[in-house]
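full-length UniProt numbering puts the last residue of the sequence shown at 240; the count rises by one with no breaks. Report on one structure; see the data block that follows.
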Amino acid sequence: MIVEHICDKNGIVMKRFKDNMPGKEFALSFLKRRAKSINPRIFQNIKRARAAVLPEQINNYFDHLEKSIERVPPSNIINYDETNLSDDPGRSKVIAKNCMKYPERIMNSTKSSTSIMFTVSGDGNILPTYVVYKSTYLYVPWRNSAPKGTRFNCYRSGWFNTKFFEDWVFTVAIPYLKKSVGLKVLVGDSLSSHLSCDAIKMCDDSGAKFVFHPANSTHLTQPFDVAFFRPLNSLEYLWN
Numbered sequence: 001m002i003v004e005h006i007c008d009k010n011g012i013v014m015k016r017f018k019d020n021m022p023g024k025e026f027a028l029s030f031l032k033r034r035a036k037s038i039n040p041r042i043f044q045n046i047k048r049a050r051a052a053v054l055p056e057q058i059n060n061y062f063d064h065l066e067k068s069i070e071r072v073p074p075s076n077i078i079n080y081d082e083t084n085l086s087d088d089p090g091r092s093k094v095i096a097k098n099c100m101k102y103p104e105r106i107m108n109s110t111k112s113s114t115s116i117m118f119t120v121s122g123d124g125n126i127l128p129t130y131v132v133y134k135s136t137y138l139y140v141p142w143r144n145s146a147p148k149g150t151r152f153n154c155y156r157s158g159w160f161n162t163k164f165f166e167d168w169v170f171t172v173a174i175p176y177l178k179k180s181v182g183l184k185v186l187v188g189d190s191l192s193s194h195l196s197c198d199a200i201k202m203c204d205d206s207g208a209k210f211v212f213h214p215a216n217s218t219h220l221t222q223p224f225d226v227a228f229f230r231p232l233n234s235l236e237y238l239w240n
């Protein structure tokens, strides 16, 4: 996805790639050319539902995290994570005439999804949220009554992509980090949609570095998942 993003951003069309997305052969050739600096590692495919993360992975992560945040003040550490909420009111059985083929009820909502990026610093400072609606247009009423500083965007899938992550870095993370002196650390997941060369460069220029959670481990290592999203999603489930 990074190669595709760089090509699209710079107006480059690679005819050997399908829609600028390189295939397996390109990846293998890339690894071969850079065998001295990078190499493939063996990892275990784990379903999120089972979440059988090895203890060694968790221990290694926290060892690395401990070294990364050593002598970094809590205010210079920000944790970020994205969650997706649905306004689906759910369906239930009703009594209807046999001639009514498709019984409907009028609601002020339909099944859709909204992604929200939450960010908080190590000393408890909550940064502005970044909201992505599932839509091709961003309507003014959707922004009413939002917390101060909230950023809004929209996309047909309702999920974050590289473009939105870069915008979050530029408009939310960087303005906060620039107020601090010394080393800064951003802690989050390693989703491909949350990574880009420009985002990493922007943070590096501001004296900030990323620390990523091990794959499939956010239910154990991500504070938002453990302490915030879990109860939030439970309330969403009860509402639906």
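We put the CB at the ideal spot given by N, CA and C, even for glycine.
If you draw a 10 Å sphere on the C-beta of N60, you find fewer than 16 other C-beta atoms in it, and that means exposed. In the three-state scheme derived from DSSP, where H, G and I count as helix and E and B as strand, Y139 is classed as coil. Check the Cα spacing between Y137 and each of C154, S145, E70 and I174: the tightest is with C154.
The continuous stretches of beta strand (DSSP E) do not include E25, which lies in the alpha helix (DSSP H) extending over residues K24 to R33.
When secondary structure is reduced to three states using DSSP, V187 falls in the strand class. With respect to I38, E82 sits apart: the two C-beta atoms are not nearer than 8 Å.
Here the alpha carbon of L191 sits roughly 22 Å from the alpha carbon of G207. Contact annotation: the stretch 122-141 touches the stretch 157-175, with at least three C-beta pairs closer than 8 Å. Non-local beta-carbon contacts of T171 in its own chain, meaning distances under 6 Å to residues more than five positions away in sequence, involve R151 in chain order.
S68 sits away from S121, with the two beta carbons spaced by 8 Å or more. Counting every other CB atom within 10 Å of its CB across the protein chains shown gives N79 a total of 16 or more, marking it as buried. Contact between I6 and C197 holds, with the beta-carbon distance rounding to 7 Å and staying under 8 Å. A residue is called buried when at least 16 other Cβ atoms come within 10 angstroms of its Cβ; F30 does not meet this threshold and is exposed. Residue burial is scored here from C-beta neighbours: H194 has at least 16 other C-beta atoms within 10 angstroms and is therefore classed as buried.
One thing to note: V13 has its Cβ no nearer than 8 Å to the Cβ of V185.
Where V3 is concerned, there is no enclosing beta strand (DSSP E), although the alpha helix (DSSP H) around it starts and stops at I2 to K9. Taking C-beta separations shorter than 8 Å and ignoring five residues to either side along the sequence, A35 has no partners in its chain.
Here the alpha carbons of T114 and S145 stand approximately 16 Å from one another.
Of the other Cβ atoms in all chains shown, fewer than 16 fall within 10 Å of the Cβ of P141; this residue is therefore exposed.
Counting along the chain, the unbroken alpha helix (DSSP H) around S68 starts and ends at P55 to S68.
Between the alpha carbons of F164 and P55 lies a distance of about 33 Å. I78: member of the beta strand (DSSP E) spanning I77 to S86, first to last residue. R151 is bridged by DSSP to Y130.
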